[in-house]
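Below: the structure, in structure tokens.
Chains as they are written, first to last, in the UniProt record's numbering: chain C, 1 to 402; chain R, 1 to 402.
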């Protein structure tokens, strides 16, 4: 039933404990839903309420503590034994009186795990300032340490099974991009294309279905291509529109992002000028990547390449990617940018996104890749160029569910 | 371009400042993306990096501080003047060295807004423990106060325009439910149905398109109907399966959730027995609701109704709903549960979800409603009953994009 065998989960837990040991941690409180899934297999949209996984250096199994109505999922959808699942009553949920961390602290006290060095994921979306305050107040005998990204760093190097899942995600990403672009023409609305992209992202292929991506498809159009994180509107596409499509295929929560820029009709001279610069820079980076390089060195290849054309890029060039939940598919560990000391190793996986955003236009042509023994290989195989669409070539299906 | 006129945004800001005044706050730091949207119109998937809106009691306009590549969106997609948009460089993003809150604190110091009483949203997903620590460290002259939900409470009573948007969201929810259920039959996979639901949620109607919901469609099947927050799998539906579908239509970020339970083929005797109890209880609650009642009193109607049949419900019966972003469409203010003192007022909006989860099955039949002058009215009009499907009645379209 679980996406990985028990051996793989045990390996992950062992590596986590090794990192805990190095940091002198007795207990690690995992709040990141991706880290929780990574260590136990737990997968449900229950992270909108507080839930934690307690990893103890001297216990074989972690403990899951969450909402009562979600605890059955933790019992049946993870490898943890039932006695390691604790549930708080519903009156702790979004309450002005009771906070779930009060309950959780009491469990730790009951188990005698309220002393010593406790690691917490300080900058995680799912570890709020209030959660930390309540925990500190309730556990006066503990010393808290920032263990942000401790598990994320274990996640960076993927197993063969994880790579296989990412390959499936890649096929789904290619398909969603193909169908989205195919139907992008004069008169179709942005929301219709977003709907089609979702349909193909989730229905997947005959062999396997897709999962929801941690970020919705981003679809800035026209002058809004200068603003990378806009979603979609109800506006109809028009001849002359540029559209940036950034999406990810997702399989068993593993992501492969893919971005392309589309011109509906003749591209602007600006887009025509910038495209080969981006494509060339991307190719030079992909050619250069090999194990042993640092992320900072990878970025330098890009920087030199575009500098020849008088271009600079403010934002980072890429980031580590894989297993994740909303609101981000990035792993928050390595970034491909100046000075990042992360040394590339085989089966690290990245999204390389040389997006450039100017005053009233922008371009994104991206590739997700894995580091191989000697270089790298991209996950998707999709034309690496500006996509030019005939604005009046309406797709035979009309982009509608018949 | 903005979904509401300037007058409405000004009203919201004025009410926010009145609440700040009551709490003695000089400054409010808004991190909740829904609150940021509510006050400024800002709408982008950029909340995966730190961003804040600074509301100052003695300044006409708030200040937005976020990532450089997102600042153009804040300039062009809100009513704020350009000089009130501050942007931090990309090397603050997911960095081990620089934290965005350090930059933000410096902006506050430069503006002389680093003293006095500063409110922060302590339990928000987008205000991490680390964000709070950095802020406190950098602003030693400020006294911090928990202002969690301050703006959320302003959001509770909807304007006419907000109700109109929710009515559109309701139409979208009905359509997505109709199409999802219509195609649910033996041989279709859960992921196919999830894809179809998304297609109809986003493509919306001819007149208006849909937005992404803050929670993905939940689709537990078979014995998993006992676990409310599971999403979907690649499994094909079989005769005899029960399926719970919980989804929301979303328009301009306003949500109307809707849940139904479906039996593919003859329902189990358990489901047949529990359904009329839930439907009756739901009807009694809807009949009883009127302004002036407390949320606790509403829950009591339900509790008494199901108690006649020897049933108890552990989880809350409902919650305030409206404008939101992932990971939750609930507003985290009022809950319909025992003891909640919130007094119902016209144009408050709730999701009433009398879900019951037992050992190996569950049921959800929900309604979203608004409180009216004399009672309440539901947003959607969808058969309020267990939906029984002929497992072999394959929909003519086969649920595929042709």
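Where a beta carbon is used, it is the ideal one built from N, C-alpha and C, also for glycine.
Treat the numbers as computed from the prediction; the structure is a model and nothing was measured.
Less than 9 Å between CB atoms is the rule here; does residue i satisfy it with respect to chain R?
| i | result |
| --- | --- |
| residue 11 of chain C | no |
| residue 133 of chain C | yes |
| residue 161 of chain C | no |
| residue 211 of chain C | yes |
| residue 231 of chain C | yes |
| residue 373 of chain C | no |
| residue 181 of chain C | no |
| residue 155 of chain C | no |
| residue 69 of chain C | yes |
| residue 124 of chain C | yes |
| residue 45 of chain C | yes |
| residue 140 of chain C | no |
| residue 216 of chain C | yes |
| residue 105 of chain C | no |
Between residue i and residue j, which are expected to be in contact by the criterion C-beta below 8 Å, what is the C-beta distance as a whole number of angstroms?
| i | j | result |
| --- | --- | --- |
| residue 31 of chain C | residue 64 of chain C | Actually they are not in contact, since the Cβ atoms of residue 31 of chain C and residue 64 of chain C sit about 12 Å apart, beyond 8 Å. |
| residue 244 of chain C | residue 186 of chain C | Between residue 186 of chain C and residue 244 of chain C the Cβ distance is about 18 Å, and since that is not below 8 Å, they are no contact. |
| residue 295 of chain C | residue 328 of chain C | Residue 295 of chain C to residue 328 of chain C, Cβ: 18 Å. No contact. |
| residue 129 of chain C | residue 131 of chain R | 7 Å |
| residue 343 of chain R | residue 331 of chain R | That pair is no contact at about 16 Å. |
| residue 198 of chain C | residue 209 of chain R | Actually they do not touch by this definition, with Cβ atoms about 13 Å apart. |
| residue 163 of chain R | residue 345 of chain R | That pair is no contact at about 13 Å. |
| residue 177 of chain R | residue 260 of chain R | 6 Å |
| residue 268 of chain R | residue 242 of chain R | 7 Å |
| residue 125 of chain R | residue 125 of chain C | 5 Å |
Can you tell me which residues form a DSSP beta bridge with residue i?
| i | result |
| --- | --- |
| residue 388 of chain C | C/263 |
| residue 302 of chain C | None; residue 302 of chain C has no bridge partner. |
| residue 64 of chain R | R/53, R/85 |
| residue 143 of chain R | R/117 |
| residue 369 of chain C | C/350, C/378 |
| residue 181 of chain C | Looking at the DSSP assignment, residue 181 of chain C forms no beta bridge with any residue, so it has no partner. |
Applying the 10 Å Cβ sphere with the 16-neighbour rule, what's the burial state of residue i?
| i | result |
| --- | --- |
| residue 266 of chain R | exposed |
| residue 6 of chain C | exposed |
| residue 140 of chain R | exposed |
| residue 60 of chain R | exposed |
| residue 336 of chain R | buried |
| residue 292 of chain C | exposed |
| residue 353 of chain R | buried |
| residue 20 of chain R | buried |
| residue 192 of chain C | buried |
| residue 231 of chain C | buried |
| residue 78 of chain R | buried |
| residue 207 of chain R | exposed |
| residue 273 of chain R | exposed |
Take residue i and list the residues in its own chain whose beta-carbon comes closer than 8 Å to its own, dropping the five residues that flank it on each side.
| i | result |
| --- | --- |
| residue 18 of chain R | none |
| residue 378 of chain C | 286, 367, 368, 369 |
| residue 235 of chain C | 189, 190, 221 |
| residue 385 of chain C | 275, 279, 365 |
| residue 70 of chain R | 44, 46, 49, 51, 87 |
| residue 290 of chain R | 344, 371, 374, 375, 376 |
Here's a check: name, in chain order, each residue in its chain whose Cβ is nearer than 7 Å to the Cβ of residue i, leaving out the five neighbours to either side.
| i | result |
| --- | --- |
| residue 406 of chain R | Residue coverage of chain R in this structure runs from 1 to 402, which leaves residue 406 of chain R outside it and unanswerable. |
| residue 226 of chain C | 357, 358, 359, 360, 361, 362 |
| residue 122 of chain R | 146, 148 |
| residue 256 of chain R | 166, 169, 170, 173, 248, 249, 368, 379, 380 |
| residue 211 of chain C | 250, 251, 252, 253 |
| residue 284 of chain R | 301, 305 |
| residue 117 of chain R | 24, 25, 26, 143, 145 |
Excluding the 5 residues preceding and the 5 following residue i in the sequence, name in chain order all residues of the same chain whose CB lies nearer than 6 Å to its CB.
| i | result |
| --- | --- |
| residue 325 of chain R | 33, 34, 214 |
| residue 82 of chain C | 75 |
| residue 240 of chain C | 265 |
| residue 85 of chain C | 64, 71, 74, 75 |
| residue 299 of chain R | 317, 336, 337, 338 |
| residue 15 of chain C | 154 |
In chain B, which residues lie less than 8 Å from residue i when you measure between Cβ atoms?
| i | result |
| --- | --- |
| residue 332 of chain R | Absent here is chain B; the protein component of the structure consists of chains C and R. |
Can you find a CB in chain C that lies within less than 9 Å of the CB of residue i?
| i | result |
| --- | --- |
| residue 366 of chain R | no |
| residue 290 of chain R | no |
| residue 129 of chain R | yes |
| residue 89 of chain R | yes |
| residue 234 of chain R | yes |
| residue 14 of chain R | no |
Taking 8 Å as the cut-off, does the CB of residue i come closer than this to any heavy atom belonging to the ligand FAD?
| i | result |
| --- | --- |
| residue 113 of chain R | The ligand FAD is absent from the structure shown, which contains no ligand whatsoever. |
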